[in-house]
Structures are given as structure tokens and as C-alpha cells.
Amino acid sequence: MSITNLSKSSFIKGLQCHKKLWLYKNHPELTDSIDTNLETIFNTGHVVGELATELFPGGKMLPCDELSSTQQIETTRQWLEQGVTTIYEAAFSEKGVFARVDILHKGHDGWEIYEVKSSTKPKPVYVQDVAVQTWILNQAGLTVTKSALVTLDTRYRLNGEIEVEKLFAIHDLTQDVTDLQDFVQVEVTKLQEMLQQDAMPDVAIGHHCNKPYQCAFFAHCHGAKVEDSIFNIGDIGQPDSYALYHAGQTRYADVDLGQLGWRQRLQVESYLNQTDHVRKDQLKSFLDSLTYPLCHLDFETTYMVAIPMFEGTGPYKQIPFQFSLHIQREPNGPVEHVEFLANSDEDPRRPLLEKLAASIPEGACVLAYNKKFEAGCLENLILQLPEFAGRIRPLIENMRDLMAPFKNKDVYYWKMNGSYSLKKVLPALLPEMSYSELEIGNGEDAANAYLQMRESIDPEEIASIRKNLLRYCELDTYAMVKLVEKLHLLAKV
Ligand code: SF4
11 MSITNLSKSS
21 FIKGLQCHKK
31 LWLYKNHPEL
41 TDSIDTNLET
51 IFNTGHVVGE
61 LATELFPGGK
71 MLPCDELSST
81 QQIETTRQWL
91 EQGVTTIYEA
101 AFSEKGVFAR
111 VDILHKGHDG
121 WEIYEVKSST
131 KPKPVYVQDV
141 AVQTWILNQA
151 GLTVTKSALV
161 TLDTRYRLNG
171 EIEVEKLFAI
181 HDLTQDVTDL
191 QDFVQVEVTK
201 LQEMLQQDAM
211 PDVAIGHHCN
221 KPYQCAFFAH
231 CHGAKVEDSI
241 FNIGDIGQPD
251 SYALYHAGQT
261 RYADVDLGQL
271 GWRQRLQVES
281 YLNQTDHVRK
291 DQLKSFLDSL
301 TYPLCHLDFE
311 TTYMVAIPMF
321 EGTGPYKQIP
331 FQFSLHIQRE
341 PNGPVEHVEF
351 LANSDEDPRR
361 PLLEKLAASI
371 PEGACVLAYN
381 KKFEAGCLEN
391 LILQLPEFAG
401 RIRPLIENMR
411 DLMAPFKNKD
421 VYYWKMNGSY
431 SLKKVLPALL
441 PEMSYSELEI
451 GNGEDAANAY
461 LQMRESIDPE
471 EIASIRKNLL
481 RYCELDTYAM
491 VKLVEKLHLL
501 AKV
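Residue numbers for the sequence shown follow my numbering, beginning at 11 and rising by one.
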């Protein structure tokens with residue numbers, strides 16, 4: 011049997027599902043399209059990986075982009091022969107399995123390998139990842155005395171320059187990885203034999219399609235992304251979508267409604283009959299809980315930022331850099347707009363809180379869409395800047411959630427199709443309002459635009475991004491104003 015080449019990442023794919031690995035090798039064109047969030051995650055990984063090399067300074071970096079896999083392996087071999095003791099991205103291939111080691115370092119007793127992840131804690135899949143690398147190095151005749159994982163340490167807080175020893179946590183996985191060596195050997199053989207087959211492995215869809223990662227062939231295997239797929243039933247509980255699927259109930263029309271909770275049943279029935287529902291008593295009770303002045307508030311925050319940018323913050327802390335506020339001082343009164351967007355070169359936290367504190371009237375009722383998020387942002391900000399606590403805490407305590415009537419299904423339109431996100435609710439209730447004309451259409455785009463603005467030195471580009479960010483955030487709170495008006499109308503009908 012000729013040995014098929016595997017890489018450590020294809021080994022991990024194969025552990026999740028043989029069909030996934032087979033499709034990846036034979037039909038990569040069937041993968042779901044990559045989204046910008048995943049690109050952000052990949053970029054984050056590169057930045058973190060580079061910074062982690064400073065844990066072992068003075069090593070040699072393999073120029074992977076300039077070399078073929080064969081050249082990478084050969085260069086690594088030459089460097090080891092020359093006595094290089096730290097190599098970043100050291101490349102090996104043994105028994106048909108290729109892997110690069112993020113950091114290969116010669117310790118007192120032998121070689122140490124460090125796999126760097128931009129995650130904040132070890133996961134079982136990372137242990138398998140380090141285990142297969144260790145297996146390859148063992149096959150190559152290197153004595154591996156330590157196999158470790160490097161993650162970000164959530165306890166770290168930026169204080170001046172980045173301190174890499176504090177930013178990263180090193181997890182010694184040597185014992186776990188040693189215990190997995192026989193398993194790796196068996197699985198490598200199984201996967202290589204599987205890849206020799208012309209026929210695609212017959213694997214049914216199931217919970218493994220989402221663990222440890224959502225499979226890149228998810229859409230392909232689960233059928234077209236049709237609106238009435240049972241995989242679109244929101245908060246389904248038991249029986250779950252896979253149980254329905256394997257019982258032959260793949261579309262809404264197939265579902266035995268008696269199995270579903272009332273919310274899921276409402277979703278399926280409303281969709282099939284194209285009907286909308288309003289529970290007036292519950293809606294009136296929500297509207298009665300709103301007092302005036304009423305302030306519609308929305309934050310935009312940083313997203314997936316692994317390396318802290320501002321003093322006192324840690325890895326992946328979401329920092330608000332922008333808000334939009336629509337203030338209505340009395341029922342049916344005029345609406346004023348106030349906004350804030352940090353300058354590209356400043357720490358946004360203090361000026362944002364100053365403007366917010368100056369803009370929201372004393373005793374106002376603050377309305378957010380998903381108040382857990384906005385309240386959480388404010389809680390974090392006053393932890394970092396406690397001098398604002400006296401002014402900001404009453405705002406948190408008097409905050410209401412505009413998402414509640416939709417989440418509770420007090421107002422449910424069939425076009426929402428089980429979702430209560432603003433991006434689904436708005437076109438269902440107010441089809442004349444749309445984000446489609448905007449350059450920035452969601453929170454992740456906004457966060458990416460903000461980072462781009464901070465990195466830019468081109469005044470025109472900065473001005474253009476500012477304009478787009480301001481338009482996007484303003485639309486979010488204006489949409490909330492219009493939704494409240496619509497809810498009042500629905501409560502009266
Ligand atoms: S979607 Fe599921 S069954 Fe299909 S390849 Fe991926 S993991 Fe395997």
C-alpha cells in the first residue's frame with residue numbers, strides 16, 4: 011500500500027470525521043465559503059503565534075511562505091545538524107504525516123515542543139494536536155522530553171509594554187501526550203487506509219459535525235440552506251434537530267408538531283401558514299415598563315482582539331469604542347440623536363463614558379436591544395474607571411431590553427423564522443428599513459473597521475471609515491425608536 015500524505019491538521023479533521031477528511035482531500039470545492047469572522051480568527055492566530063516566539067528569543071524562523079514543504083523539511087534538518095537550538099515553524103514529515111512545530115526548543119534533557127493557540131484554555135483537541143506532533147518527532151528519532159501548549163492567560167492585564175511571560179500560559183501536556191502515542195499510531199494507519207478508498211466514507215450527520223469545530227462541509231452534508239430546514243428551529247431542546255432528521259423529519263412540513271415546545275411549534279406553524287402573532291397583554295405590560303425620558307442606546311465594541319490594546323485590559327476583552335443614543339423626552343415627543351466614536355489614536359473608554367454621562371438625562375430609562383450586552387459593557391467600564399460608577403450604575407439599574415418581547419414571542423412574525431436578532435426582527439416588522447445600503451452591516455464588520463481605522467495613517471481612509479461607522483450605529487438606535495413606535499401600534503390594534 012502506498013502511504014498517503016497526512017498533515018497534522020488533516021489528522022485532526024479525520025479524527026472528527028472520516029468523511030470530512032475524505033471530502034477535504036477529494037472535493038475541497040464543496041466547503042462552505044469562508045466568512046470574514048474566520049479570517050479575523052486566522053489573523054489573530056498569526057499575530058499571537060509571532061508574539062509567542064518571544065518566549066524563546068534568538069531562534070530561527072523557517073520562511074514557510076517562500077519554501078515548498080520538501081524545502082521546509084530539508085532546511086529544518088540542516089538547521090538541526092548545524093546545532094540550532096530554537097526553531098519556529100520547524101517542519102517534519104514521517105510515515106507520510108507532515109507537521110510544523112510552532113516552537114521547537116532544545117532543553118537540558120532533550121527537545122521541547124510548544125504549540126501556540128490563540129485560545130485561552132487547553133481543549134482535548136489541542137492535546138491530540140500536540141500528540142501527533144510528538145509522534146512525528148519521535149518517528150524522526152528526536153528525543154522529546156516536553157510537549158506543551160501555549161495559550162493566552164486571561165488573568166493578564168496590560169501595564170505598559172506587553173510582557174510575554176505574563177500574557178501567555180504554558181500548559182505541560184507531556185503525560186497526556188505520552189498516553190496518546192499508541193492511539194495516534196492506530197489512527198494514522200486507519201486514516202491512511204481510508205484515504206486509499208475511492209468511495210466516500212458513509213458517515214451520517216450528527217453532533218460530531220459541530221465538535222470540536224463546525225465542519226467546513228456542514229452545508230453540503232446537511233442539505234441546501236433552505237429556510238424551512240429543521241436545523242433552523244430556534245432553541246429546539248429535545249428532541250433536537252438531529253433526532254428529527256434521523257426520524258425522517260427534515261423540513262417543517264414533515265415535523266410532528268406534538269413533539270415541540272410551544273415556541274418552536276409557533277415558529278413552524280407560523281412559517282407554514284405565513285401568519286404573525288401578537289400577545290397583546292404581555293406586549294402592553296412591556297410597553298408600560300418604559301418610562302420617559304427614554305434613551306435608546308447601542309454600543310459597538312472591539313471583537314476577537316487577543317492582544318490587549320489599552321491599559322488595564324486583558325485578552326479578548328470587548329472594549330466599547332462607539333455609541334449611538336436616541337433620546338425621547340416624552341411619549342410621542344421629538345427624538346434627539348447623540349453619538350460618540352473614539353478618535354483612531356485614543357483610548358476610547360474615558361471620553362466615551364464622559365460623553366454618555368453628559369448626554370443621558372438624570373433618571374432616564376435606558377433601552378437596549380439585548381441589554382445583557384450593553385449593561386455588561388457598562389459594568390466592565392466602571393470596574394476600570396470606578397469614578398464613573400455613581401453616575402453610570404443607575405443607568406444599568408434602569409435599563410430595559412427591547413429584545414424581550416421578541417425573545418418571549420409576545421410579538422412573533424413568521425419571517426423572523428425563530429430568530430429574535432435585530433437583523434431579523436427589523437425587516438419582518440419594518441421592511442422599509444434596511445442595512446443593505448450600508449458599507450458596514452453588522453457588529454463584527456464594525457469592530458474590524460475600527461481596527462482598520464486605528465491602523466490607518468491615511469486621513470481620507472480614516473474619515474471614510476468614521477462616516478460608515480457612525481451611519482451604521484445610528485441606524486441601530488433609530489431602528490429601535492421605530493420598533494417601539496410599531497409595538498405601540500400593535501398593542502392598540
Ligand atoms: S458535516 Fe458532519 S458528516 Fe459531513 S463531513 Fe462534516 S462532520 Fe462529516
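Note that CB positions come from ideal geometry on N, CA and C, so glycine has one too.
Residue i and residue j closer than 8 Å at C-beta
i	j	result
Gly322	Gln394	yes
Met204	His28	yes
Asp189	Ala158	no
Phe241	His230	no
Val137	Asp192	no
Lys156	Glu122	yes
Ala109	Lys18	yes
Val194	Ala150	no
Cys509	Ile337	For the chain, the structure presents residues 11 to 503; residue 509 sits outside this window and is missing.
Gln278	Val265	Note on residue identity: the sequence assigns Val, not Gln, to residue 278. Contact: yes.
Phe228	Asp42	yes
Asp420	Phe309	no
Thr311	Gln292	no
Phe320	Asp357	yes
Gly16	Met210	Correcting the residue type first, residue 16 is Leu in the shown sequence and not Gly. In this structure, Met210 does not lie closer than 8 Å to Leu16 by Cβ.
Ser128	Gly55	yes
Ala100	Leu114	yes
Gly120	Val154	yes
Leu351	Arg476	yes
Interface flag, residue i vs chain C, CB-CB below 8 Å
i	result
Asp411	The structure shown contains no chain C; it is built from a single protein chain.
Residue i to residue j span [Cα, whole Å]
i	j	result
Ser354	Asn220	38 Å
Glu384	Ala378	7 Å
Ser20	Cys225	12 Å
Glu125	Ala414	43 Å
Lys23	Trp145	17 Å
Val494	Asn418	16 Å
Leu90	Leu152	10 Å
Thr46	Glu454	Here the model assigns Thr46 a pLDDT of 48, short of 50, so the residue's position is not dependable, and the following value carries that caveat. For Thr46 and Glu454, the distance between alpha carbons rounds to 8 Å.
Ser239	Lys381	30 Å
Ser466	Asn458	12 Å
Thr410	Val491	It is worth fixing the name first, because residue 410 is Arg in this sequence and not Thr. Roughly 14 Å separates the two Cα atoms.
Leu335	Tyr255	45 Å
Ala473	Pro344	29 Å
Ile97	Val160	16 Å
His218	Leu25	10 Å
Ala489	Leu461	25 Å
Glu346	Gln274	39 Å
Ile450	Trp424	27 Å
Val213	Glu237	24 Å
Ile83	Gln143	14 Å
Leu480	Leu448	11 Å
Pro469	Leu276	51 Å
Arg403	Arg360	16 Å
Gln248	Gln269	8 Å
Residue i, DSSP secondary structure in three states
i	result
Glu171	coil
Glu372	coil
Val196	helix
Val94	coil
Ser20	helix
Val494	helix
Leu395	coil
Asp75	helix
Phe416	helix
Thr86	helix
His37	coil
Met409	strand
Lys176	helix
His28	helix
Asp182	strand
Thr46	Confidence at Thr46 is low in this model, with a pLDDT of 48, below 50, so its placement is unreliable and the value that follows should be read with caution. Of the three classes helix, strand and coil, the one that applies to Thr46 here is helix, per DSSP.
Gln191	helix
Lys433	helix
Ala150	coil
Phe66	coil
Ser299	coil
Exercise. Starting from the N-terminal side, write out each stretch of the beta strand (DSSP E) that is 3 residues or longer and does not extend beyond the stretch 105–140.
Key: For the stretch 105–140, whole beta strand (DSSP E) runs of length 3 or above, ordered along the chain, are 107–116 and 121–126.
Practice problem: With a floor of 3 residues, list each beta strand (DSSP E) that falls wholly inside the stretch 442–486, ordered by position along the chain. | Solution: Runs of the beta strand (DSSP E) inside the stretch 442–486: none found.
Quiz item: Curious, which full-length alpha helix (DSSP H) runs of at least 4 residues does the stretch 235–284 contain?
Solution: Listed in chain order, the complete alpha helix (DSSP H) runs (minimum 4 residues) inside the stretch 235–284 are 251–256 and 272–283.
Quiz item: Considering only residues of the stretch 306–368, which uninterrupted beta strand (DSSP E) runs meet the minimum length of 3 residues and lie entirely inside it, listed in chain order?
Solution: Taking only runs of at least 3 residues, the beta strand (DSSP E) segments lying wholly in the stretch 306–368 are 330–338 and 345–351.
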